[in-house]
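Here the structure is laid out as C-alpha cells; the discussion comes afterwards.
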Ligand code: MRU
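Residue numbers (the working numbering): 44 to 395.
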C-alpha cells in the first residue's frame, strides 16, 4: 500500500533542524528552526517534538548540530570525549523512551568504529547516520502497519491511546500505521481516540492526524474506555510504546496499563506496536524502567486555567508499565510477537 505524506514533522535543512512544534497543535501549524543542541534539548523536554521514535530522530540530528561546533583539528580522544558529553546532555532531556539513548549510542558507536578518520569526516558520517535513522524509521513504521493488518478484523472499531502517528515517528506511525493500513484495506469502521490526560495527545494530535488522513473517529475521555468496551463498541486496542523490556513488559503513556486491564476484563485483544529501536535488550523487566515525572502544573491546570486549589500535593507520572501478561501480541517490523511460549524467547530470537 502507498500513502501520500500528509505532513513532515521533522525536516533536516542542510544546516539545521526544522520541526512542527506540537505544542501549538491543533490550532496552529507552526514550524520552528533548531540551530543548537540546547534548542533541540529544550524542544524534546517541552514536547515540541514527542513520541518515542521522533525523540530519537530529533536527538540524532541534535547531536550532529552539537558536534558541528567542536574543532575539526582536535585529536580523536578529545573529540570523542566532547561528543560523549553532548550525547549525555541530549539524553538527559527525557528518560523513558529508549529510542533517544538508542539513537545517540548508534552515533557514538559509529564514531568510535571510524576513529581513524579525521574529525570533519566523522561529523559528516554522523549526519549520514542521523539521516539513515530517520529514513529507517519510515520503513519500520510502514512494515509495522503491514504486519499488523492481519490482526484487524473486518469492520473493526479500534481504540487507541496517546499519539502514535507521523508526528511521533519518521512517518506513518506505529499503532497509527496499523490504523492507516486497516483503513486503506477497507477493514476499519472507526477509531476510538482516548483524549489522553493530562496533555491530551489523543485529543490534540491523533484527531488532527486522523482528520488529515480522512479516517473516521470518535474522541472519548479516557475514563469512558471501560464503558465503551462493556457496551461492545471496541474490537481491538492498539497502542505504541516508549520502552519494551526483554520480557515484553511495556512502558507507554500513562493510562495504557489501565486500558490493558479493562481490555483483558472484557476479552478484547490488546496490542502494542513498536519498532526494534523501542526494545531495550539491556533491561529484563518493566520495573527496571525509569518513569518520567512531569510538572504538577499539567495536573493542576487545564491549559492556563487552574483546576485545583493552590498547594495541593500532585503525582504526575508521564508513563506506566503494562505487564507482558496483559499484552495479546507485540507488532514489530519483523512480524508479530506472541506471548507463547514467552515474549523473552521471541524477543531474543528476533532482536538480540
Ligand atoms: O509523552 P509523549 O507524548 O512523548 O508520549 C508518547 C507516547 O507515550 C507514545 O504512545 C509512544 O511514544 C509511542 S509513539 C509511536
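The C-beta atom is built at its ideal place from N, Cα and C for all residues, glycine as well.
Placement of the Cβ of residue 296 at a distance of less than 7 Å from at least one heavy atom of ligand 1 is found. In the structure shown, the three-state DSSP call for residue 360 is strand.
If you ignore the 5 residues before and after residue 278, its C-beta comes within less than 6 Å of the C-beta of 196, 199, 200, all in its own chain and listed in chain order. Distance from the C-beta of residue 69 to the nearest heavy atom of ligand 1 is not below 7 Å. Closer than 7 Å to some heavy atom of ligand 1: that describes the Cβ of residue 284. For residue 71, the closest of 91, 60, 79, 223 by C-alpha to C-alpha distance is 91. Following the DSSP letters along the chain, one finds residue 134 inside the alpha helix (DSSP H) bounded by residues 119-134. Remark: the shortest separation between the CB of residue 82 and any heavy atom of ligand 1 does not fall under 7 Å. DSSP places residue 336 within a strand segment (E or B) once states are collapsed to three. Residue 130 has its alpha-carbon roughly 29 Å from the corresponding atom of residue 186. Partner residues in the beta bridge of residue 76, as assigned by DSSP, are 61. By the criterion of a C-beta distance shorter than 6 Å, residue 387 is surrounded in its chain by 289, 290, once the five residues flanking it on both sides are discounted.
Across the set 356, 134, 227, 126, the C-alpha of 134 shows the shortest separation from the C-alpha of residue 86. For residue 140, the shortest separation between its Cβ and any heavy atom of ligand 1 lies below 7 Å. In this structure, DSSP gives residue 262 an extended state, which the three-state scheme calls strand.
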